[in-house]
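Undergrad: Input: one structure, supplied below.
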């Protein structure tokens, strides 16, 4: 039956089979991250708009074009969160987490919102898993974060993943480079796209992400920041690479790698998957040593990443199969329904999945329904109190004592 109502453009319903696939991703992530000491945190789905304008950057596409912002009934400007790092840094400051043992290692999962053109792997409501390690400036924190994301993707079995690594240097070093980059862009201004020309002064690094052919030709000859690192920036980047190599994590240095948020400093990285086509990035992140200070706190180094659940599931091509049940309890006589419910509860308490007929079907209809929902076994309760256990895969059927039912189904399940 069709409805006049549909999910809003760029959003989608998570149906049961997809929900189970998502739960598996989140469960694996929770296990991987908790073993490394990352504690769960959750922040509101909306925040003051200024948090993102100050934290993410007014010159970014996210703030300029993609945020869902509105005025609440109190006249305040509110924004559905487009990313997770700024809200967690706000929570770190608000709750005095600088008083805790540093670094504070936090993990999150949830929905995020950006007004983008919907396409495969890009939605207006999407879901991410992420981590933040706040209060550590060591290259070890960078390497650990990268290795955790590599471990998560490997444990989930995401195919064809490659790590691209870069560095934006410290803010002071980057300023000198940006002057050099702006000079290059101005020299070729007539060859650039309109959008890039408009952002030469405010955000020239984004030119590296441009799809426009003329801009890409100009950027092929542009100076590279990673090639101009020196002093502590160069030492930090070299140490991160050494740690990754020691940990057996393969990477490719990408001198054109940039991120879509202004708060990044030094190490940046991106995990891409060749299964995803144009939207190749599965997840990524980097170091953001100035964000806490931008939000009114003390200078506090930090590093983190986010990975898209939808991107992972697209790469895995999961979510289409239904869930099988260990048992379905069918009754040959309506007088056995109470007994069937009691037995189903016993099976569930023993850790097995079990269903009974809720639709008043005859025995033939119950067996057909059991097959449709993927039941491995059907226990048929006869009118005389006896029971038959049918294996739905082989079709074999045998008499069974209901007192032995848990052992019988559990043994076949194993």
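In the working numbering, the protein residues as written are 12 to 425. Glycine is no exception: its CB is placed at the ideal position from the N, C-alpha and C atoms.
#1: Quick check on DSSP: helix, strand or coil for residue 139?
#2: For residue 315 versus residue 276, is the C-beta distance shorter than 9 Å?
#3: Shortest alpha-carbon distance to residue 52 belongs to which of 118, 39, 95, 113?
#4: How many angstroms separate the CA atom of residue 131 from the CA atom of residue 164?
#5: Under 9 Å, do residue 367 and residue 383 count as touching if we go by C-beta distance?
#6: Which residues mark the beginning and the end of the alpha helix (DSSP H) in which residue 374 is found?
#7: Thinking residue 304 and residue 311 are a contact (beta carbons under 8 Å), I'd like their distance in whole angstroms, please.
#8: Nearest to residue 386 by alpha carbon, out of 338, 250, 407?
#9: Taking 8 Å as the limit between beta carbons, can you name the residues of its chain near residue 373, skipping five residues before and five after?
#10: Considering residue 6, what are the terminal residues of the alpha helix (DSSP H) in which it resides?
#11: Under 9 Å between the Cβ atoms of residue 266 and residue 229?
#12: Going by C-alpha to C-alpha distance, which of 335, 342, 25, 412 sits closest to residue 404?
#13: Roughly how many angstroms separate the alpha carbons of residue 22 and residue 136, rounded to a whole number?
#14: One question on the structure: do residue 44 and residue 159 come within less than 9 Å of each other, judged by their Cβ atoms?
#15: In angstroms, rounded to a whole number, what distance separates the CA positions of residue 124 and residue 150?
#16: Can you tell me whether residue 342 is helix, strand or coil according to DSSP?
#17: I'd like to know if residue 23 contacts chain C, where contact means its C-beta is closer than 9 Å to some C-beta of that chain.
#18: Please determine, among 351, 247, 168, the residue with the shortest C-alpha to C-alpha distance to residue 6.
#19: Using the Cβ count rule (16 or more neighbours within 10 Å means buried), how would you classify residue 72?
#20: Three-state secondary structure (DSSP) at residue 195?
#21: Kindly list the residues whose CB is nearer than 8 Å to the CB of residue 240, restricted to its own chain and excluding five residues on each side of it in sequence; keep chain order.
#22: Using 9 Å as the threshold, is the C-beta distance between residue 255 and residue 152 below it?
#23: Which two residues bound the contiguous beta strand (DSSP E) that contains residue 81?
#24: Compute the Euclidean distance between the alpha carbons of residue 194 and residue 148, then round it to the nearest angstrom.
#25: What separation, rounded to the nearest whole angstrom, lies between the Cα atoms of residue 331 and residue 39?
#26: Could you tell me which residues DSSP puts in a beta bridge with residue 145?
#27: Please list, in chain order, all residues of the same chain as residue 15 whose beta carbon is under 8 Å from its beta carbon, the five residues on each side excluded.
TA: For this structure:
#1: In the structure shown, residue 139 falls within a strand segment according to DSSP collapsed to helix, strand and coil.
#2: For residue 315 and residue 276, no; Cβs fall outside 9 Å.
#3: Distance check between residue 52 and each of 118, 39, 95, 113 places 118 closest, using alpha-carbon atoms only.
#4: Going from the Cα of residue 131 to the Cα of residue 164 covers about 20 Å.
#5: Cβ distance not < 9 Å, so residue 367 and residue 383 don't count as in contact.
#6: 374-383 is the span of the alpha helix (DSSP H), which, as asked, contains residue 374.
#7: Distance from residue 304 to residue 311 at the Cβ level is roughly 7 Å; contact confirmed, criterion being Cβ atoms closer than 8 Å.
#8: If we check each option's Cα against that of residue 386, 338 comes out closest.
#9: Cβ neighbours of residue 373 within its own chain (closer than 8 Å, five residues either side excluded): none.
#10: The question about residue 6 has no answer here: the residues shown for the chain are numbered 12 through 425.
#11: For the pair residue 266 and residue 229, the CB atoms are not nearer than the 9 Å cut-off.
#12: Of the listed residues, the one whose Cα sits closest to residue 404 is 335.
#13: One C-alpha to the other measures close to 5 Å.
#14: Yes; because the gap between Cβ atoms is below 9 Å, this pair is in contact.
#15: Cα-Cα distance, rounded: 31 Å.
#16: In this structure, residue 342 counts as strand in the three-state DSSP scheme.
#17: Absent from the structure: chain C. Only one protein chain is present.
#18: Not covered by the structure: residue 6. The range shown for the chain is 12 to 425.
#19: The residue is buried, with at least 16 neighbouring Cβ atoms inside 10 Å.
#20: Helix at residue 195.
#21: Around residue 240: 178, 180, 184, 248.
#22: In this structure, residue 255 keeps its C-beta atom at 9 Å or more from the C-beta atom of residue 152.
#23: It spans 80-82 - the beta strand (DSSP E) in which residue 81 sits, taken as one unbroken run.
#24: CA-CA distance, residue 194 to residue 148, rounds to 32 Å.
#25: For residue 331, the predicted model reports a pLDDT of 48, less than 50, meaning its position is unreliable; a value from the coordinates is still stated below. Looking at the two C-alpha atoms, the distance is approximately 19 Å.
#26: Answer by DSSP bridge pairing, in chain order: 115, 313.
#27: Spatial neighbours of residue 15 in its own chain (CB-CB distance under 8 Å, excluding positions within 5 residues in sequence) are not present.
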